[in-house]
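Notes follow the structure.
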Amino acid sequence: MKTQQLRPVSKLSAEAQATGSLRDFILSGSLKPGARLTEIALAEQMGVARATLRTALHRLASEGIVVQIPYTGWQVAELSANDVWELWTLRGSLESLAAKLAAQSTDPAVKNGIRKAYDKLLAACATGNMEAISEADFALHRTIIDLVGHSRLQRQYQLVEQQVRLYILTSNSFVADGPEDIIEQHRPMMDALLAGNATAAAEAAWQHNESEGHRLSAWLAQEAAASAAAAVQAAPRKTRGPRKAT
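Take the sequence shown: its position 98, counting from 1, is numbered 98 in UniProt numbering, and each next residue is one higher.
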C-alpha cells in the first residue's frame, strides 16, 4: 500500500489544517488501526505546536477515527465486532434509502453524477492502488447520498462519514479479494440504480453492506484468535523445580 507523507501545516487556521492533514494521513492507510500516535513526533512532522496538534486529535476523536487511551495516549481507532455491526446496519439503512431515491429520480443530473462517480471507482480499481480505490469507493457512496436531495439524510450520514471511510479502507485492504471483487460488490446496486429499479437498488445497497459487514466481522474474529494464540505462545512457561528428596 502506498504510504502518504504528512504535509506541513501553515499557521493560518492551523487547527483546521492540522485536523485535515492528520485525517487524510490516517485514512490513506499509512497507519494501521491501533497504531500509536505520539504528540511530540506528530507536532514536529506537521510543524505545529503541541496544543494545535492536541486540538486536532480531539476533533478526530469526535469523528471516531482516533481514540485516547487513559494513561497511554492516542491511537488510531480499531473496529470491534460491535463497531462493524453498528456501522454496517446504520450505513446500510441510510444507503438503501439513498439508492432507492436515486433510482426513482427523474432528474438526469442525479444518475449522470452517480455514473461518473462509479466510472471513477472503475478507473481506480484498474490502477490497483488501494488508497485511490478506497477514496473512490467512499466518494461513490457519498455522491449517491448528496445527489438525492434529502438534507436530513445527508446530515445523518455526515455524523458517521469519517468512520465509514475508515471502515471502507479496512475492508478493502484486508477483506476484499482484489479490485475485481470490489467492483462486483457494487455492480448489482449500480445496475439496479441506473436502470431506475428502486426496490432492487435499495435491496442491493443493503445486501452490499450486509455482505461486507459479515466478511469484515469474520476477519476481525480471525485476527483476534491469531492474536490470542500468539499471546499464549509468547507467555513464559512455568518450569517445575527439582523434587525434594524424601
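Don't be surprised by glycine CBs; every beta carbon is placed ideally from N, CA and C.
Rounding to the nearest angstrom, what Cα-Cα distance links residue i and residue j in this structure?
i, j, result
"Leu6", "Ala139", "22 Å"
"Thr19", "Pro236", "42 Å"
"Asn172", "Tyr118", "16 Å"
"Pro108", "Leu101", "13 Å"
"Ala195", "Ala103", "7 Å"
"Leu220", "Asp146", "31 Å"
"Ala124", "Gln185", "15 Å"
"Trp206", "Arg142", "15 Å"
"Ala136", "Leu121", "5 Å"
"Arg36", "Arg152", "36 Å"
"Lys11", "Leu216", "The predicted model places Lys11 with a pLDDT of 49, which falls under 50 and marks its position as unreliable; any figure quoted below should be read in that light. C-alpha separation (whole angstroms): 40 Å."
"Glu86", "Leu79", "10 Å"
"Ser105", "Asn209", "22 Å"
"Gly64", "Thr55", "14 Å"
"Val76", "Val232", "25 Å"
"His150", "Glu203", "19 Å"
"Met46", "Ile40", "10 Å"
"Ala234", "Gln222", "18 Å"
"Ile26", "Thr170", "11 Å"
"Leu53", "Ile69", "17 Å"
"Ala229", "Ala43", "37 Å"
"Trp74", "Ala226", "24 Å"
"Ala126", "Ser62", "35 Å"
Find the nearest neighbour of residue i within the set the options, judged by alpha-carbon distance.
i, options, result
"Ile144", "Ala176, Ala99, Leu169, Glu184", "Ala99"
"Glu180", "Glu161, Glu223, Asn129", "Asn129"
"Arg165", "Glu15, Ala14, Pro33", "Pro33"
"Ala192", "Ala201, Val110, Ala56", "Ala201"
"Arg155", "Leu122, Glu95, Glu15, Lys111", "Glu95"
"Lys111", "Ala77, Glu223, Val148", "Val148"
"Ser211", "Ala176, Glu223, Val232", "Ala176"
"residue 248", "Phe174, Ser28, Ala81", "Residue 248 lies beyond the residue range present for the chain, which begins at 1 and ends at 246; the question has no answer from this structure."
"Ala16", "Val76, Ala51, Ile40", "Ala51"
"Ala198", "Ala225, Gln222, Leu97, Ala126", "Leu97"
"Ala224", "Ala81, Ala234, Thr127", "Ala81"
"Thr72", "His58, Thr38, Asp24, Ser227", "Thr38"
"Lys116", "Ile69, Met190, Ala218", "Met190"
"Arg187", "Thr127, His58, Ile114, Ser62", "Ile114"
"Asp24", "Glu44, Leu57, Phe174", "Leu57"
"Ala218", "Ala234, Phe174, Leu42, Gln45", "Phe174"
To the nearest whole angstrom, what separates the beta carbons of residue i and residue j, a pair I think is in contact under 8 Å?
i, j, result
"Gly178", "Val84", "21 Å between Cβ atoms; not a contact."
"Ser134", "Ile168", "5 Å"
"Leu60", "Leu22", "6 Å"
"residue 249", "Ala14", "Outside the displayed span of the chain (1 to 246) sits residue 249, for which this structure offers no information."
May I ask which residues mark the beginning and end of the alpha helix (DSSP H) holding residue i?
i, result
"Gly64", "Premise fails: Gly64 is in no alpha helix (DSSP H) and is neither H nor E."
"Gly113", "108 to 127"
"Gly213", "198 to 234"
"Arg47", "Contrary to the premise, residue 47 reads as Gly rather than Arg in this sequence. Counting along the chain, Gly47 falls outside any alpha helix (DSSP H), and DSSP gives it neither H nor E."
"Thr19", "14 to 27"
"Pro188", "179 to 195"
"Thr143", "130 to 147"
At what residues does the beta strand (DSSP E) containing residue i begin and finish?
i, result
"Gly92", "Segment 81 to 104 is the alpha helix (DSSP H) holding Gly92; no beta strand (DSSP E) there."
"Val164", "Run containing Val164: none in the beta strand (DSSP E); it sits in the alpha helix (DSSP H), 151 to 174."
"Gly73", "73 to 76"
Next item on the list: Evaluate contact between the segment 150 to 161 and the segment 90 to 98, counting only Cβ atoms and requiring at least three cross-stretch pairs below 8 Å.
Entry: Result yes; three or more Cβ-Cβ pairs closer than 8 Å.
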